[in-house]
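**Student:** Offset between the sequence shown (1-based) and my numbering: plus 34.
For glycine and all other residues, C-beta sits at the position ideal for the given N, C-alpha and C.
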Amino acid sequence: MYCQTIWRQAFGLLKESTFRFTLIRSVSSNAKSLRSLSSWTLCVHHRRRNRLPNGYPHLNVRTVTHTTLDPAEVRKFQAMASKWWDLQGEFAALHSMNDLRVPFIRDNLLNVHGLQQLGKPLTGLRILDVGCGGGVLSEPLGRLGADVLGIDPVEDSVRTAELHSSYDPDLRERVRYQAFTLEEVAEEEAEGFHAVVASEVVEHLADLDAFASCCQQVLKPGGSLFITTINKTNLSYALGIVAAEELLRIVPSGTHDWEKFISPEDLERLLESFGFCVEAIRGMMYNPLTGAWSWQKSTAINYALHAIKRKEEPQPEQTWAESENLDEPGRAPSYS
Numbered sequence: 035m036y037c038q039t040i041w042r043q044a045f046g047l048l049k050e051s052t053f054r055f056t057l058i059r060s061v062s063s064n065a066k067s068l069r070s071l072s073s074w075t076l077c078v079h080h081r082r083r084n085r086l087p088n089g090y091p092h093l094n095v096r097t098v099t100h101t102t103l104d105p106a107e108v109r110k111f112q113a114m115a116s117k118w119w120d121l122q123g124e125f126a127a128l129h130s131m132n133d134l135r136v137p138f139i140r141d142n143l144l145n146v147h148g149l150q151q152l153g154k155p156l157t158g159l160r161i162l163d164v165g166c167g168g169g170v171l172s173e174p175l176g177r178l179g180a181d182v183l184g185i186d187p188v189e190d191s192v193r194t195a196e197l198h199s200s201y202d203p204d205l206r207e208r209v210r211y212q213a214f215t216l217e218e219v220a221e222e223e224a225e226g227f228h229a230v231v232a233s234e235v236v237e238h239l240a241d242l243d244a245f246a247s248c249c250q251q252v253l254k255p256g257g258s259l260f261i262t263t264i265n266k267t268n269l270s271y272a273l274g275i276v277a278a279e280e281l282l283r284i285v286p287s288g289t290h291d292w293e294k295f296i297s298p299e300d301l302e303r304l305l306e307s308f309g310f311c312v313e314a315i316r317g318m319m320y321n322p323l324t325g326a327w328s329w330q331k332s333t334a335i336n337y338a339l340h341a342i343k344r345k346e347e348p349q350p351e352q353t354w355a356e357s358e359n360l361d362e363p364g365r366a367p368s369y370s
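What follows is the structure in structure tokens.
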């Protein structure tokens, strides 16, 4: 009863904080409005500041020397590798999150690719599920028709995922698992995927620059990156660690490190520096009293992000060649 009272009070604080934490993206095109009614921009000033004289965005050219793998995180999940499919256990909230994240991924991919096949709407798309664990997200994406490669550095989790999916004939040809790191896939599968999914993963990584660089490498131009993670706020510490781990025991104690959390503003800046354009960010909230997730205006605790890898910008010589037949270089012809 005491824990429930604390959670109700914290939930009330979240509602009160909506106006402090919510940033609304103004969408100029009708297409973007249809793509995500809740899309918003975090830092237009950052984009303007980082544009070259020719108008193209300045991309980060840092050499990434670190790995995404954190050995301490691997050890934590190694101890839980056999519990992925216990619907009442430590990963119950992840199973419940599928009610939000699967439609979020599906609908944004349909908007990007214009797919309309009934029953299996993601047929023809290759998706990389980074940090797939026991396949909790890989399986529903496979059932939607996508060809899914789930990767995880914890080999026991991969074996759990393979065993569980083997019981479903519909998944045997669509979903594969490998005990790989993202860096290993990036070396072998350059521009091989239409989408990368990293759900509840980035807060466990050792180097986010390495993560963004590898995602950029494995995605096709125009490919989508989907992330769900935890914001770095006082409220996320109170609810995501103190309440969830210490009081309510929704997840094991020590699962999260608040220092590794990242705000949507910082995540957007990071992704844009590696050649991504963030299309949508939506706040999420888990209610332990009902065991259900819901979309929220506030991103103060959890949020979902969709970004698209920019297609190659035209080279200056190409732009000039295309304008040779115009009245003046770089201008449209006059028909008056």
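#1: So is E207 buried or exposed if we call it buried at 16+ other beta carbons inside 10 Å?
#2: If you pair each beta-carbon of the stretch 113-133 with each one of the stretch 189-198, do three or more pairs fall below 8 Å?
#3: Using 10 angstroms around the beta-carbon of G169, count the other beta-carbons present and answer buried if the total reaches 16, otherwise exposed.
#4: When you compare the stretch 293-310 with the stretch 226-234, are there three or more beta-carbon pairs, one atom per stretch, that lie closer than 8 Å?
#5: Can you tell me whether DSSP reads S258 as helix, strand or coil?
#6: Go through its chain and collect everything with a Cβ distance to K294's Cβ below 6 Å, but skip five positions before and after it.
#7: Would you mind working out which of F260, V276, I261 sits nearest T23, comparing C-alpha positions?
#8: My output table needs one value for I275: the three-state DSSP class, helix, strand or coil.
#9: Using a Cβ-Cβ cut-off of 8 Å (strictly less than) and excluding sequence neighbours within five positions of S324, which residues of its own chain qualify?
#10: Does L339 come out as helix, strand or coil in the three-state DSSP assignment?
#11: Return the bridge partner residues of M319 from the DSSP annotation.
#12: From A195 to E306, what does the alpha carbon distance come to, in whole angstroms?
#13: With a Cβ-Cβ cutoff of 7 Å, do R160 and D141 count as a contact?
#14: Residues bridged to V164 by DSSP?
#15: Going by alpha carbons, who is nearest to I296 out of Y337, P322, G309?
#16: From F308 to I315, what distance separates their C-alpha atoms?
#17: By DSSP's criteria, F227 is part of a beta bridge. Which residues make up the other side?
#18: Can you list, in chain order, the residues of its chain with a C-beta nearer than 8 Å to that of S199? Leave out the 5 residues immediately preceding and following it.
#19: Helix, strand or coil for S18 per DSSP?
#20: Bridge partners for I264 per DSSP, in chain order?
#21: Tell me which residue opens and which closes the alpha helix (DSSP H) that R177 is part of.
#22: With a threshold of 6 Å on Cβ separation, who are the neighbours of F260 within its own chain once the five nearest residues in sequence on each side are excluded?
#23: For the beta strand (DSSP E) holding Q112, just list the boundary residues, first then last.
#24: Does the distance from the C-beta atom of L149 to that of P155 stay below 7 Å?
#25: Distance, Cα to Cα, L47 vs W292?
#26: For V108 and A213, what's the separation of their Cα atoms in angstroms?
#27: Give me the residue from A272, K345, T102 with the minimum Cα distance to H228.
#28: Just to confirm the assignment, what range does the alpha helix (DSSP H) spanning V146 have?
#29: Would you mind working out which of V312, L216, L128, I185 sits nearest N321, comparing C-alpha positions?
#30: Which residue from L253, L239, S332 puts its Cα closest to that of G317?
#31: Could you tell me the alpha carbon to alpha carbon distance between A244 and T102, rounded to whole angstroms?
#32: For V219, report the span of its alpha helix (DSSP H) as first-last.
#33: Might you give, ordered along the chain, the residues of its own chain that have their beta carbon closer than 8 Å to the beta carbon of K254, omitting 5 neighbours on each side?
#34: Ordered along the chain, which non-local residues of its own chain (more than five positions away) have a Cβ less than 7 Å from that of C166?
#35: Check this for me: beta carbons of W327 and S130, under 7 Å apart or not?
**Tutor:** So, from the listed chains and residues:
#1: By one-based count along the sequence shown, residue 207 stands at place 173. By the 10 Å Cβ count, E207 comes out exposed.
#2: yes
#3: Within the sequence shown, numbered from 1, the residue matching residue 169 stands at position 135. G169 comes out buried.
#4: no
#5: Locating residue 258 in the sequence shown gives position 224, where the first residue counts as 1. Of the three classes helix, strand and coil, the one that applies to S258 here is strand, per DSSP.
#6: Numbered from 1 along the sequence shown, position 260 holds the residue referred to as residue 294. Excluding sequence neighbours, K294 sits near E237.
#7: This structure gives no information on residue 23, because the portion of the chain shown stretches from 35 to 370.
#8: Your numbering for residue 275 matches position 241 in the sequence shown. In this structure, I275 counts as helix in the three-state DSSP scheme.
#9: As a position in the sequence shown, residue 324 is number 290, starting the count at 1. This sequence places Thr at residue 324; Ser is not what is there. Counting only Cβ-Cβ distances below 8 Å, and skipping sequence neighbours, we find nothing.
#10: As a working note, residue 339 is residue 305 in the sequence shown. Correct three-state label for L339: strand.
#11: Stepping through the sequence shown from its first residue, residue 319 is reached at position 285. M319 is bridged to S328.
#12: Taking the first residue of the sequence shown as position 1, residue 195 is located at position 161. Taking the first residue of the sequence shown as position 1, residue 306 is located at position 272. Computed Cα separation, rounded: 33 Å.
#13: On the sequence shown, residue 160 is found 126 positions in, with the first residue counted as 1. On the sequence shown, residue 141 is found 107 positions in, with the first residue counted as 1. No, they are not a contact pair.
#14: Taking the sequence shown and counting its residues from 1, the one referred to as residue 164 is at position 130. For V164, which the question treats as bridged, DSSP gives the partners I185.
#15: Here residue 296 refers to the residue found at position 262 when the sequence shown is read from its first residue. Cα-wise, what sits closest to I296 is Y337.
#16: Here residue 308 corresponds to residue number 274 of the sequence shown, with the count starting at 1. Here residue 315 corresponds to residue number 281 of the sequence shown, with the count starting at 1. For F308 and I315, the distance between alpha carbons rounds to 18 Å.
#17: The residue given as residue 227 occupies position 193 in the sequence shown. F227 is bridged to L253.
#18: Along the sequence shown, read from residue 1 onward, the residue named residue 199 stands at position 165. These residues qualify, in order along the chain: G169, S172, E173, G176, L205, R206, V209, Y211.
#19: Residue 18 lies beyond the range of the chain shown here (35 to 370); nothing can be said about it.
#20: To locate residue 264, count along the sequence shown from 1; it is residue 230. DSSP output for I264 lists N336 as bridge partner(s).
#21: Along the sequence shown, read from residue 1 onward, the residue named residue 177 stands at position 143. It spans 172-177 - the alpha helix (DSSP H) in which R177 sits, taken as one unbroken run.
#22: If you number the sequence shown from 1, residue 260 lands on position 226. Result list for F260: I139, V231, H340, in chain order.
#23: Position 78 of the sequence shown, counted from the first residue, corresponds to residue 112. Per DSSP, Q112 belongs to no beta strand (DSSP E); it is in the alpha helix (DSSP H), 105-112.
#24: On the sequence shown, position 115 is the one that residue 149 refers to. On the sequence shown, position 121 is the one that residue 155 refers to. Yes, Cβ-Cβ distance for L149 and P155 is below 7 Å.
#25: Against the sequence shown, residue 47 aligns to sequence position 13. Against the sequence shown, residue 292 aligns to sequence position 258. Below a pLDDT of 50, predicted positions are generally treated as unreliable, and L47, at 48, falls in that range; the measurement from the model is reported next regardless. Spanning the two alpha carbons is a distance of roughly 19 Å.
#26: In the sequence shown, counting from the first residue as 1, residue 108 sits at position 74. In the sequence shown, counting from the first residue as 1, residue 213 sits at position 179. Looking at the two C-alpha atoms, the distance is approximately 12 Å.
#27: In the sequence shown, residue 228 corresponds to position 194, counting from 1. Nearest option by C-alpha distance: K345.
#28: Position 112 of the sequence shown, counting from 1, holds the residue named residue 146. From DSSP, the alpha helix (DSSP H) with V146 extends over 126-147.
#29: Residue mapping note: residue 321 aligns to position 287 of the sequence shown, counting from 1. Closest option to N321, Cα to Cα, is L128.
#30: Locating residue 317 in the sequence shown gives position 283, counting from the first residue. Closest option to G317, Cα to Cα, is S332.
#31: Counting from one through the sequence shown, the residue named residue 244 turns up at place 210. Counting from one through the sequence shown, the residue named residue 102 turns up at place 68. Answer to the nearest angstrom: the Cα atoms are 6 Å apart.
#32: Here residue 219 refers to the residue found at position 185 when the sequence shown is read from its first residue. 216-222 is the extent of the alpha helix (DSSP H) around V219.
#33: Residue 254 sits at position 220 when you count from the first residue of the sequence shown. Excluding positions up to five away in sequence, the list reads E225, G226, F227, H228, K343.
#34: For the purposes of this step, residue 166 is identified with residue 132 of the sequence shown, where counting begins at 1. Cβ neighbours of C166 beyond the five flanking positions: S172, G184, I185, D186, A195, Y211.
#35: Sequence index remark: in the sequence shown, residue 327 carries index 293 (1-based). Sequence index remark: in the sequence shown, residue 130 carries index 96 (1-based). Going by C-beta atoms, W327 is nearer than 7 Å to S130.
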